[in-house]
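Working notes for the structure below.
Number of protein chains: 2
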Amino acid sequence: MKPVAEIFSQGEEVISGQIVDHNAAWLSEQLTELGFAVKRHTAVGDHLDDLVALIKEIAVRADCCICTGGLGPTTDDLTAEAVSIASGFPLRLDESALQQIRQFFAWRNRSMPEANCKQAMLPEKAIRIDNAYGTAPGFALKIRRCWFVFLPGVPFEMKAMFTALVVQPLRDRFSLSPDCLITLRSIGIGESAIQQCLEDLVLPSSVQLGFRAVPDEVLTKLLFPAGFDEQEKRVCVQRAAELIGDYVFAIDGLDGTQGDLIEVISRLMRDKRHTLAVLETASQGLLAAKCLGRDWLRAAEISLDTADLDINQHDLANAARVLARQLRTRRQTNLALVQLYAGDQSDYGDKDRAIVLYNALATPKGVVSSRHHAFGAIKYKQNQAASLALDLLRRYLQDKCL
Amino acid sequence: MKPVAEIFSQGEEVISGQIVDHNAAWLSEQLTELGFAVKRHTAVGDHLDDLVALIKEIAVRADCCICTGGLGPTTDDLTAEAVSIASGFPLRLDESALQQIRQFFAWRNRSMPEANCKQAMLPEKAIRIDNAYGTAPGFALKIRRCWFVFLPGVPFEMKAMFTALVVQPLRDRFSLSPDCLITLRSIGIGESAIQQCLEDLVLPSSVQLGFRAVPDEVLTKLLFPAGFDEQEKRVCVQRAAELIGDYVFAIDGLDGTQGDLIEVISRLMRDKRHTLAVLETASQGLLAAKCLGRDWLRAAEISLDTADLDINQHDLANAARVLARQLRTRRQTNLALVQLYAGDQSDYGDKDRAIVLYNALATPKGVVSSRHHAFGAIKYKQNQAASLALDLLRRYLQDKCL
Chain A
5 MKPVAEIFSQ
15 GEEVISGQIV
25 DHNAAWLSEQ
35 LTELGFAVKR
45 HTAVGDHLDD
55 LVALIKEIAV
65 RADCCICTGG
75 LGPTTDDLTA
85 EAVSIASGFP
95 LRLDESALQQ
105 IRQFFAWRNR
115 SMPEANCKQA
125 MLPEKAIRID
135 NAYGTAPGFA
145 LKIRRCWFVF
155 LPGVPFEMKA
165 MFTALVVQPL
175 RDRFSLSPDC
185 LITLRSIGIG
195 ESAIQQCLED
205 LVLPSSVQLG
215 FRAVPDEVLT
225 KLLFPAGFDE
235 QEKRVCVQRA
245 AELIGDYVFA
255 IDGLDGTQGD
265 LIEVISRLMR
275 DKRHTLAVLE
285 TASQGLLAAK
295 CLGRDWLRAA
305 EISLDTADLD
315 INQHDLANAA
325 RVLARQLRTR
335 RQTNLALVQL
345 YAGDQSDYGD
355 KDRAIVLYNA
365 LATPKGVVSS
375 RHHAFGAIKY
385 KQNQAASLAL
395 DLLRRYLQDK
405 CL
Chain B
5 MKPVAEIFSQ
15 GEEVISGQIV
25 DHNAAWLSEQ
35 LTELGFAVKR
45 HTAVGDHLDD
55 LVALIKEIAV
65 RADCCICTGG
75 LGPTTDDLTA
85 EAVSIASGFP
95 LRLDESALQQ
105 IRQFFAWRNR
115 SMPEANCKQA
125 MLPEKAIRID
135 NAYGTAPGFA
145 LKIRRCWFVF
155 LPGVPFEMKA
165 MFTALVVQPL
175 RDRFSLSPDC
185 LITLRSIGIG
195 ESAIQQCLED
205 LVLPSSVQLG
215 FRAVPDEVLT
225 KLLFPAGFDE
235 QEKRVCVQRA
245 AELIGDYVFA
255 IDGLDGTQGD
265 LIEVISRLMR
275 DKRHTLAVLE
285 TASQGLLAAK
295 CLGRDWLRAA
305 EISLDTADLD
315 INQHDLANAA
325 RVLARQLRTR
335 RQTNLALVQL
345 YAGDQSDYGD
355 KDRAIVLYNA
365 LATPKGVVSS
375 RHHAFGAIKY
385 KQNQAASLAL
395 DLLRRYLQDK
405 CL
């Protein structure tokens, strides 16, 4: 059984929504990779009673808890006091901590404000965690079942302290054996359709299957327990990838990280020394914008209205192919991608109406093309238009075009 | 006393740190503005026991709880089941919900996968909350002390449903006397510079001042308690806006919502019947992409390399002005916006090096221009380039150009 971990964030600015709690996500990822089972995140404001209650709850529920925030010098920083009440250990002045805080100010040629003394008051029995970047030292101690680690809420201080001074002691204190997460990344297919594809997939009961839709792609996740047979793992992943089919553009976690769609494309474009020109309509600049910083993109054109183009408006599939060939010649690139759409502006703006996307890619060996429907809010359609055009390029580069 | 609210997020991807919980921050802000005292955020993974335990805890601790996630069609979506166990209300098929889910697929010319049936199973006594954007309906019900609202985890579905279908029922159900939040929205100036501008601002002690940086803008927030004198409030806001200066493009909460930069611009463009052509370099399509669905944008061009343009490379400020005049003539619009940058590709890609942005706007009365430095990661620079070019247009439209 994995040790159970929790994350606890303190701060009025978190609880009122003034800041987004990135610390919790970062710490979760670290703890999960180390081999903890992270069970809960909790955030509370700067109220002593709420803090004491929460620490007492966690003390009997978890094996380890990382807490951020509330270590500052001001009156609303109450963590040490709350820990003292919840644990029964009185606060004591830590002389080394005070020394370090004084030094922090001395280096900056300032005298230490009286308020900062408070930061050197730590609960008896706590182990101090030095802060090389700010005035607030962290500390760790056991309360009932749970090993608590308290760190400042400033992200870069917290991360530096966790990495340098917390990770190794956690490894020493707990018996950890991390799982292996494999992620199949796909585009152009929905979450429930993937689930249908995988209906016949038989996995060992110890393997967890999960899904997640993010704006550009759907992730299928296979979580293998520590020590799972390497060969059998590869067979499971291979089988899942085959069942989902060509929608899968990358597999992360098996042999490193392959990255998102644009990274996968970029690696192949560079390897094959291809150059690209694009002409986009529905995506209105977003296709070019997604290729930012990629030197294989040589030219980008936007047409705001398909009606302005000198093409047969009644056969956009063919028109896209003709335009792609022309663009390739005109821009002297070896690939040219054209993205057209059918439907008027009002269809595009109406979340309940679809537009039809026509993509064509001119290559040295001829033209390949794709057709899709895009639905939903206008920005969602725009993103679909850009991503599905890029996906045609990805399929060509991976030799997966029909 | 304000009613106590909590936020509860479900999902393995939150608890494992794969995604950052932006939903919790957004909902907190909404609830705080409505007049709730938000006390806790909690996130748990997709485990039935954990979900049931948490719902039972919150049911006796809070007056209202907004929960997101776990309403999808897959086997790891367990919210409805957990609610049923925690509340004792059995799950029943909601015929209207099933109808809507079927229709969602029918509109898209696809047949409904069997798995989606599950999304129409709601706890008895729950009030359904329709989802116009996806397949997962939400629902609300009272368990012991607490009014629970369950919404999907997909941010745009969650936000649309909360705004359209949850806010008014919450106002009806609870006796809320909200504080009044005024937000000054600014662009082109940092958070600490704004703080310096406001050093001499004297506010009554009951008024809270806060700041938040979001990707495109910095928000300065003034929170006035319920019943604060209207005239005095206007004086405070006016004084703050004057101290920050022309960087302020909108003030939300005083006389309704003025919206983001593109909305402010769009309203003025339509009122004045202007048309626009753009030529962009550093933003590489993002400037045009941000104008999606705005019919005053008539033409958009991208130049991937400033060196390709037939201009004096040693005087980009002037070159931008010349190109803007040419673009206005060539595209026959009454405004034309050109966005150039100095610095090579390696400067652009290096987060520790700056690029210089030159914007010029040709108008019927002549050309106005601006110059900025952009710093940070490549995508951040790209966004700055697009936003600061649009801000020149905003300043012209608001008669704030020098």
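So the protein sequences, as listed, match chains A and B.
By the count of our numbering, the first sequence reaches residue 406 at its end, each step adding exactly one.
By the count of our numbering, the second sequence reaches residue 406 at its end, each step adding exactly one.
All C-beta atoms, glycine included, are put in the ideal place defined by N, C-alpha and C.
| request: Rank A:E33, A:R334, A:K383, A:L339 by C-alpha distance to the C-alpha of A358 of chain A and give the top, closest one. | output: Selection A:E33, A:R334, A:K383, A:L339 evaluated against A358 of chain A yields A:K383 as nearest (Cα-Cα).
| said: Would you say I382 of chain A lies against chain B (beta-carbon separation less than 9 Å)? | reply: Yes, I382 of chain A counts as interfacial toward chain B.
| query | Comparing the C-beta of H278 of chain A with each C-beta of chain B, is any distance below 9 Å? | reply | Judged by the 9 Å Cβ criterion, H278 of chain A is not in contact with chain B.
| query | Rounded C-beta distance between L301 of chain A and L308 of chain B? I'm assuming under 8 Å. | reply | Cβ atoms of L301 of chain A and L308 of chain B come within 8 Å of each other, at about 7 Å.
| request: Report the residues of the stretch 348 to 376 of chain A with a CB closer than 8 Å to any CB of chain B, ordered along the chain. | output: Listed by position, the residues of the stretch 348 to 376 of chain A near chain B (Cβ gap below 8 Å) are Q349, Y352, G353, K355, D356, A358.
| query | Apart from the five residues on each side of it in sequence, which residues of its chain come closer than 8 Å, Cβ to Cβ, to H26 of chain A? | reply | Excluding sequence neighbours, H26 of chain A sits near P159.
| field | Interface partners of S32 of chain A on chain B, CB under 7 Å | value | For S32 of chain A, the chain B residues whose Cβ falls inside 7 Å of its Cβ are I19, S20, G21, in order along the chain.
| request: For K146 of chain A, go through chain B and note every residue whose CB falls closer than 9 Å to its CB, in chain order. | output: Within 9 Å Cβ-Cβ: nothing; K146 of chain A doesn't reach chain B, min ~23 Å.
| query | DSSP on Y352 of chain B, reduced to helix/strand/coil? | reply | Helix, per DSSP.
| Name the chain A residues whose beta carbon is nearer than 7 Å to that of F160 of chain B? | Within 7 Å of the CB of F160 of chain B, the CB atoms of chain A belong to A381, in sequence order along the chain.
| field | Closer than 9 Å at the beta carbon, the chain B residues around V48 of chain A | value | Under the 9 Å cutoff, chain B gives K43, R44, H45.
| How long is the line joining the alpha carbons of Q123 of chain B and A381 of chain B, rounded to whole angstroms? | Q123 of chain B and A381 of chain B have their C-alpha atoms spaced approximately 41 Å apart.
| message | When you compare the CB positions of A286 of chain B and L361 of chain B, do they come within less than 9 Å of one another, or not? | response | For A286 of chain B and L361 of chain B, yes; Cβs fall inside 9 Å.
| field | E85 of chain A to D53 of chain A span [Cα, whole Å] | value | Computed Cα separation, rounded: 11 Å.
| Does H318 of chain A get closer than 9 Å to chain B when you measure Cβ to Cβ? | Not a single CB atom of chain B sits nearer than 9 Å to the CB of H318 of chain A.
| field | Collapsed DSSP secondary structure at M125 of chain A in the structure displayed | value | Judged by DSSP in its simplified three-state form, M125 of chain A adopts strand.
| query | Where does I89 of chain B sit, in a helix, a strand or coil, going by DSSP? | reply | In this structure, I89 of chain B counts as helix in the three-state DSSP scheme.
| V241 of chain B: which of B:D250, B:A47, B:L258 sits nearest, CA to CA? | Answer by Cα proximity: B:L258.
| task | Report buried or exposed for T79 of chain A, applying the criterion of at least 16 other Cβ atoms within 10 angstroms of its Cβ. | result | Residue environment analysis places T79 of chain A among the exposed positions, since fewer than 16 neighbouring C-beta atoms fall within 10 angstroms of its C-beta.
| query | Hey, how far is the Cα of L180 of chain A from the Cα of V42 of chain A? | reply | Computed Cα separation, rounded: 13 Å.
| How would you label L97 of chain B, buried or exposed, when you count the other beta carbons within 10 angstroms and need 16 or more for buried? | Under this definition L97 of chain B is an exposed residue.
| field | C-beta atoms of A28 of chain B and A101 of chain A nearer than 9 Å | value | Their beta carbons are not under 9 Å apart, which means A28 of chain B does not touch A101 of chain A by this criterion.
| field | Beta-carbon proximity of T36 of chain B to G21 of chain A, cut-off 9 Å | value | Yes; because the gap between Cβ atoms is below 9 Å, this pair is in contact.
| task | Assign C240 of chain A to one of three DSSP states: helix, strand, or coil. | result | Helix at C240 of chain A.
| query | Taking C-alpha atoms, which residue in A:G76, A:Q103, A:F154 lies nearest to A119 of chain A? | reply | Per the C-alpha coordinates, the member of A:G76, A:Q103, A:F154 positioned closest to A119 of chain A is A:G76.
| task | State yes or no: is the C-beta of A434 of chain A within less than 9 Å of the C-beta of L341 of chain A? | result | Nothing about residue 434 of chain A can be read from this structure; chain A reaches only from 5 to 406.
| query | Does DSSP put D256 of chain B in a helix, in a strand, or in coil? | reply | Of the three classes helix, strand and coil, the one that applies to D256 of chain B here is strand, per DSSP.
| query | Mind pulling the chain A residues with CB within less than 8 Å of A140 of chain B? | reply | Going along chain A, no residue has its Cβ under 8 Å from A140 of chain B, so there is no contact; the nearest lies around 11 Å.
| task | From the DSSP output, read off the bridge partner residues of C405 of chain A. | result | Here C405 of chain A is not bridged, per DSSP, to any residue.
| query | DSSP puts R189 of chain B in a beta bridge; with which residues? | reply | DSSP lists B:L223, B:A254 as partners of R189 of chain B.
| said: Checking the sheet assignment: what are the DSSP bridge partners for W151 of chain B? | reply: In DSSP, W151 of chain B forms a bridge with B:C68, B:K146.
| field | Test: G214 of chain A CB closer than 9 Å to a CB of chain B | value | Yes, contact with chain B.
| Along chain A, which residues have their Cβ under 7 Å away from the Cβ of D80 of chain B? | Chain A residues near D80 of chain B: G214.
| In angstroms, rounded to a whole number, what distance separates the CA positions of I266 of chain B and L82 of chain A? | Going by the C-alpha atoms only, they are around 42 Å apart.
| field | Limits of the alpha helix (DSSP H) - the one that T333 of chain B falls within | value | Unbroken alpha helix (DSSP H) run through T333 of chain B: 320 to 335.
| task | Can you have a look at R398 of chain A and say buried or exposed, based on whether 16 or more other CB atoms are within 10 angstroms of its CB? | result | The residue is buried, with at least 16 neighbouring Cβ atoms inside 10 Å.
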